[in-house]
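In our numbering, the protein residues as written are 2 to 269.
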């Protein structure tokens, strides 16, 4: 029976490889005429970062650094800018981990679409740790419960949700993600980026990739986490590419929240 299970696994993986590469080639994502440099960068980034947001940002910056990576309410970021800013936040996270003797970074994000959610997602891929995506519709009680039950030690939060923060925040560092008003000396993603990475720890060559936890929203009670490992290869993407006419270089408007989009892109 164990042999059959192994054979079934090999058969499934082989079929998934063929399906993924076929769909990616038809979408123009894979190019048989790509340079040796691009091929090396692709597999090197995959080996280091798996299929995390960090891998996507890293490879985009290496192959097309000046191309627009993200357009949001705050403006436009190229892939190089997005990579550099994400790396800076990742180094800040590593310094926080060292300074506060945190065993494992447990990073939560409650933010709308934009750099406020993308940068900390990419930073997690660079620094390592676990990532918790929280529905922006979560109540103050639900947010407090998520923080407490999951031992969250870093929270990136859009300031429009400031009224949902729990009063007691022991062992929790709050970083304002997207801001609509000044925050003085409080931590913001923008302030972390502007302060730069001088004196910060170096990024690990092979980060310890923890899970992404989707805090499934419920109408009542504390949302329960749905764990998904960071995939080594994005087999699930093949189905999307066959069904949706996405092609390389296409600009896509993400109307649905990243909380829901990322849940759909994670393998089951």
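For every residue, glycine included, the Cβ atom is placed at its ideal position computed from N, Cα and C.
Can the beta-carbon of residue 202 be found less than 8 Å from the beta-carbon of residue 96? yes
Please state whether the Cβ-Cβ distance between residue 106 and residue 154 is less than 8 Å. yes
Between the CA atoms of residue 77 and residue 260 - distance to the nearest angstrom: 21 Å
Check this for me: beta carbons of residue 190 and residue 90, under 8 Å apart or not? yes
Can you pull the DSSP bridge partners for residue 71? 78
Do the region 128-135 and the region 67-86 touch if we need at least three Cβ pairs shorter than 8 Å? no
With distances taken between CB atoms, is the gap from residue 47 to residue 38 smaller than 8 Å? no
Any contact of the region 239-248 with the region 165-178, i.e. 3+ C-beta pairs under 8 Å? no
Measuring straight from C-alpha to C-alpha, what distance separates residue 227 and residue 63? 33 Å
Do you know whose CA, among 45, 114 and 40, lies nearest residue 253's CA? 114
Between which two residues does the alpha helix (DSSP H) harbouring residue 128 extend? 116-128
If you scan the region 184-216 from start to end, which runs of the alpha helix (DSSP H) of 4 or more residues do you find wholly inside it? 190-196
Cβ shell of residue 92 (< 7 Å), same chain only, five flanking positions each side left out: 198, 201, 202 and 204
Assigned secondary structure, residue 153 (DSSP; H/G/I helix, E/B strand, else coil): coil
What does the Cβ neighbour count give for residue 137, buried or exposed, with the cut at 16 atoms within 10 Å? buried
If you count every other CB in all the chains shown that lies within 10 Å of the CB of residue 72, and 16 or more means buried, which is it? exposed
Quick check on this structure: which residue in 108, 43 and 102 has the alpha carbon closest to the alpha carbon of residue 211? 108
Distance, residue 19 Cα to residue 2 Cα: Per-residue confidence for residue 2 stands at a pLDDT of 42, beneath the threshold of 50, marking its modelled position as unreliable; the derived number appears in the next sentence. Their backbone Cα atoms lie some 26 Å apart in a straight line.
To which residues of the same chain is residue 103 closer than 6 Å at the C-beta, ignoring the five residues directly before and after it? 154
Same chain only: Cβ atoms within 8 Å of residue 88, ignoring 5 sequence neighbours per side: 124, 127, 198 and 204
Who pairs with residue 111 in a beta bridge, going by DSSP? 158
Could you tell me which of 168, 135, 172 and 165 sits nearest to residue 262, measuring between CA atoms? 135
Quickly, what does DSSP pair residue 61 with across the bridge? List them, please. Its beta-bridge partners do not exist; DSSP assigns none.
Does the beta-carbon of residue 44 have 16 or more other beta-carbons within 10 angstroms, so that it is buried, or is it exposed? exposed
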